[in-house]
Each structure stands twice: as C-alpha cells, then as structure tokens.
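Below is one structure, written out as structure tokens; the observations come after it.
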Amino acid sequence: YVRRYPVLRISSACDGALPKRGRGQIKTIIDILIVLGIVGGVATSLGLGVPLLSAMLATLFEIPDNMIIKISVLSLWTLLFGASVYRGLKSGIKVLANINIVLAIFAILFVLIAGPGLFIMDLTVNSIGLMFNNFIRAATWTDPIQNGSFPEDWTGFYWGWWLAYTGMVGLFFGRISRGRTIRQLVLGVICWGSLGTWMFLAIMGGYSLYLENTETLAVSEILRNQGMSYVNALVIQSLPFGKFTLFIFTLLSIIFYATTIDSSAYVLSSISAKNLQSGAEPKRWNRLAWAVLLALISAGIVRTGTLDSVLSITVLSSVPLIPILILLSISLVRWLKKDFGDIVRPKEISLALKDVKSDSLASQGGQSNTK
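With this note's numbering applied, the sequence shown corresponds to residues 3 to 373, in that order.
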C-alpha cells in the first residue's frame, strides 16, 4: 500500500529481491506455495479445533462425543464463516471480529477475577523470569542424548504452523491497515498480538496449574485418559457458573475459528482473483468456493481421526515457505533503504572556511565587549 502497488500478493512483496529475468514465473510459483501453505495452516487449525469444540459441546449438553457431533461442528463452522466471507470484509468479518474481542476480554477477565487471581499473577511473573532465563537453551534444545521426539513433534510442528500462516496474516493485516503507517502496523501487530497471547496463556495456564496443584481437578489424569480437548472443557467448567461459563467459552471458540477461517478464505480468494485492484474485494463466488474447499479438506482430516496427519500436513505445507520468508525479508530491507534511506542515512556537514573565520572573529569581539 505504501508503494502504491496495484495488487496485494506475497509475490508482489518479493519484487525487491527477485531478478527481472523470469520474474513472472517465479511470482506464480510463490503464489502457489503461499496458497498451499495457507490451506495447510487452516486445515491444521480445523483438524485440532473440531475435536476441541465437539468435546466442549459434549460436556456442555452431556451427550456422547462422536463423529456425528464433529461433522455437525464443522458444518456449523462452514455456514458461519461462509456467510461471513460472503458478506465481505466490513459487514461480515469485521462484525464477527468485534464480537470476538468483547467476548475474549470478558472471558479472560472473568477467569482472573473468579479464579485464584493472586496465584495466577505470581505464577505469571515467575514464568516470565523463567522464560527469559531459559530462552536460548529451550530455543536450541534438540534432545540429542535421550533422542526423544518432542522437539520434532511439537516445537517443529509449532514453527511450521506459524510459517503456514505467514502469508495469510501478512496479507490480511496489510489489507485492513490501509491508512496506517508502517510503524503503527509493526508495533500494533507485535505489541497487541504478543500481549494477547501472553495474557491468555498466563491466565488459562495458571488456572489449570492451580487446579492440578491443589488437586481440585486431576488435569494430568484427564489429559492421559481423555485427551487435551476434554482438559479444556472440564477446566473451564470448574469455574463458577460452570455450564454458563463453558457456554461462553464455546461460543468464543466458534467465533475465534470462524474469523480465522473466513479471513483465510478472503485472502485465498484475493490471491487467486485475476486483476484484482487494490482496495477491491474478490467476487462472492470466489470467496465461497474457498470457504467450502477449506471445510472439505478439514472434514477429511477429522475423518482420519489421527494427529499424525495433522502434523504431516503442517510440516509439508510450511517448509517451502522458508525461502519465501527470506525473500520477503531481503525485499523489505531493500525497499526501506530505497524509500527512506535519505531520512536515516548519516549526513556530512561541512562549513566554509570564511564562515569559520567570521564566527571566530565574532566570538572574540563578543569576549572583548564583555571585558
């Protein structure tokens, strides 16, 4: 937007690092890989989210959790984000996002106030210190002695998932941030995104540890016997007004996933649209087609019922994005130097000799007058 590019694509953002010869073919490949990465990231989200939400609904209504519930959840999501993406950016996605923000703030503050607030705050401060103290060791841990699979299965999976969403998040933030400065965009995304993540992990994680530590709820035992999805549902239900609280968090989860998926469908339709001008929205049938396609892929993942397929899709779709991320970084640095280099570049200041002599004589004259 700052450089007045007519289209909004990751391949266009790589122009600063691409050679002129064969640029068109390279950009086509980049767009294809970005599309595959976004599809893989969204499929992973739904593959993990459907069991989570079905467990919450089964706990809320005290019904058995089976494949019918899971498919019903996926169908509900498809209708919700399909309708949202059909209505467009301002009247669809924006409305859901605004509702989501209010619900999320209410839910997280409720847990902090109704739960062991002092314990959660103490644990948060302690955890921040541990994080900074162990950051380098944890970031480079590969478990070479015991040769466990945790770094590959979870650390690698998490970073792969993050990579898969790079294209979608970058394009979507760029699309909705028109009129902002580059500084506002960077600080807003990093600061508010990090703060929201820290708060959610600190408060929900702190409350779960409190339940385990005080033996109020056997969290680790539930994790072993029933899985992570039921841990979330039962931890939330242990709060005051258990059923109502679980209902609010269930509604929050539905909207959270819906806003993520419809944003992804919007970006995918923007990438695949031909000659889409800056500021224009892709056609409705294009947006709906991507929403349905994402739902069908997710249904296949849910049908398999294995976590290994989710992990494999994430890694396979994200690894090709690493060189694209490098190209984006190089292009950004080159463009910043080209567009704003004069502002930050050191400037040489030289004074003419006659000006120096004049200043010296004036200074001496001033001292004589003072005396």
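The beta carbon of each residue, even a glycine, is placed where N, CA and C say it ideally should be.
Which class does residue i belong to by DSSP, given the choice of helix, strand or coil?
| i | result |
| --- | --- |
| GLN2 | Residue 2 lies beyond the stretch modelled for the chain, which goes from 3 to 373, so this question has no answer here. |
| ASN68 | coil |
| CYS193 | helix |
| ILE147 | coil |
| GLY162 | helix |
| PRO21 | coil |
| THR372 | Interpretation of THR372 is limited by its pLDDT of 46, a score under 50 that renders its predicted location unreliable; the figure taken from the coordinates is listed afterwards. Reduced to three states, the DSSP call for THR372 is helix. |
| ASN277 | coil |
| VAL9 | coil |
| ALA15 | helix |
| VAL4 | coil |
| SER210 | helix |
| GLY2 | This structure does not reach residue 2, given that the chain is present from 3 up to 373, and the question cannot be answered. |
| PRO348 | coil |
| GLY229 | coil |
| PHE243 | coil |
| LEU54 | helix |
| ALA141 | helix |
| ASP264 | helix |
| GLU217 | coil |
| TYR167 | coil |
Am I right that residue i and residue j are in contact with their C-beta atoms under 8 Å? What's the rounded C-beta distance?
| i | j | result |
| --- | --- | --- |
| THR316 | GLY84 | So it is not a contact: roughly 24 Å between Cβ atoms. |
| CYS16 | SER333 | 5 Å |
| VAL52 | VAL75 | 5 Å |
| LEU296 | ILE263 | 6 Å |
| TRP292 | SER271 | 5 Å |
| PHE152 | ASP145 | 6 Å |
| GLY169 | ILE12 | 5 Å |
Is the separation between the beta-carbon of residue i and that of residue j shorter than 8 Å?
| i | j | result |
| --- | --- | --- |
| LEU10 | GLY176 | yes |
| GLY49 | LEU323 | no |
| LEU55 | ILE257 | no |
| TYR88 | ARG347 | no |
| SER211 | GLY117 | The sequence given here has Leu at residue 211, not Ser. No, the Cβ-Cβ distance between LEU211 and GLY117 is not below 8 Å. |
| LEU254 | LEU114 | no |
| SER47 | TYR268 | no |
| ILE273 | ILE205 | no |
| TYR3 | SER14 | no |
| LEU225 | LEU219 | no |
| GLY374 | TRP337 | Because the chain is modelled from 3 through 373, residue 374 falls outside the range shown and cannot be assessed. |
| SER314 | ILE303 | no |
| LEU173 | SER179 | no |
| LEU62 | PHE202 | no |
| LEU20 | ILE326 | no |
| TYR232 | ALA57 | yes |
Can you tell which of the options has its C-alpha closest to the C-alpha of residue i?
| i | options | result |
| --- | --- | --- |
| ARG305 | ALA45, ILE12, ASP33 | ALA45 |
| PHE108 | LEU125, ILE34, ILE12, GLY198 | GLY198 |
| ALA60 | PRO325, THR30, ASN234, ASP264 | ASN234 |
| TRP200 | THR80, THR126, TRP163 | THR126 |
| TYR209 | LEU327, GLU64, LEU111 | LEU111 |
| ASP341 | LEU327, ILE328, ARG286, ILE184 | ILE184 |
| SER300 | LEU20, ILE73, ILE31 | ILE73 |
| THR142 | GLY131, GLY343, SER222, THR157 | THR157 |
| TRP164 | VAL321, VAL335, SER331 | VAL321 |
| ASN100 | THR261, GLY162, LEU78, CYS193 | THR261 |
| ILE238 | PRO284, MET230, PHE251 | PHE251 |
| THR80 | LEU298, ARG5, LEU236 | LEU298 |
| PRO66 | GLN228, ALA282, ILE32 | GLN228 |
| VAL171 | ASP344, TYR160, VAL191, ILE31 | VAL191 |
| LEU330 | ASP33, ARG182, GLY24 | ASP33 |
Compare the C-beta of residue i against all C-beta atoms of chain B and say whether one is closer than 8 Å.
| i | result |
| --- | --- |
| THR157 | In summary, chain B is missing from the structure at hand, where a single protein chain is found. |
Completely contained beta strand (DSSP E) runs for the region 70 to 125, where each covers 3 or more residues
For the beta strand (DSSP E) assignment, the region 70 to 125 encloses no uninterrupted run of at least 3 residues.
Which runs of the alpha helix (DSSP H), 4 residues or longer, sit entirely within the region 279 to 328?
Listed in chain order, the alpha helix (DSSP H) runs fully inside the region 279 to 328 are 286 to 306, 309 to 320, counting runs of at least 4 residues.
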